[in-house]
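Working notes for the structure below.
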Amino acid sequence: MLKHSLFISALQAGANPNIRGGGMNCMTPLGQAAADGATRLVDCLLSFGADPNAVDDSGLTPLEWAALNRHDEALSILFRATSQISYFTEWSTNGIMKQVHFERAMTELADATEDRDCASPRKLVHRSNGVRKLKLQ
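Per my numbering, the very first residue in the sequence shown carries number 12; after that it's consecutive.
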C-alpha cells in the first residue's frame, strides 16, 4: 500500500505516467500494470493521463498485455479507454482474448516445430488480411 501511495504522490506532483521503464520490453507503467493485472493501478494511471494506446518495444499495447496474461478486469478497463486496433478481427473483450491466445498458440506451435525437418507453420500466423503475429518471448 505504501508503494501505491508513493506512486500516486509522484503522479500528483507531475510525474510522467507514460515514462518507459528499462525492463525487457521498455513498458510504460500502464503496460506493466496491465501485464500484472493491477486494476487499481490501471484505473489510477488512466486518470492521470497514461496513454492506453502506447506500444512497447515488443509491439504490444497495455490492452494486449492484459489479454495475454488473462487479466479480464484490466482488459475490460483498458478496452473502454483504448482506440480500436485494426488488426483485431472482432473488437470486443472476448474477441481480443480469443485472437491473442490463438496467435500465441500458433507462435508456440511454430517455435516447437521449427527445429524439426518439417515446414514451419509460422506462415499460418501471418495472415493475408494484415493481422500481425505477436512477438512473444
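Glycine included, C-beta positions come from ideal geometry on N, C-alpha and C.
- Taking C-beta atoms under 8 Å as the contact rule, residue 108 and residue 89 fail to qualify, at a distance of about 12 Å.
- Around the C-beta of residue 101, fewer than 16 other C-beta atoms lie within 10 Å, and the residue is accordingly described as exposed.
- In this structure, the straight-line span from the alpha carbon of residue 56 to that of residue 111 is close to 24 Å.
- For the pair residue 95 and residue 24, the Cα-to-Cα distance works out to about 31 Å.
- Between residue 27 and residue 68, the CB-CB gap reaches or exceeds 7 Å.
- An exposed status is given to residue 15, since fewer than 16 other beta-carbon atoms sit within 10 Å of its beta-carbon.
- Residue 48 and residue 103 have their alpha carbons spaced roughly 18 Å apart.
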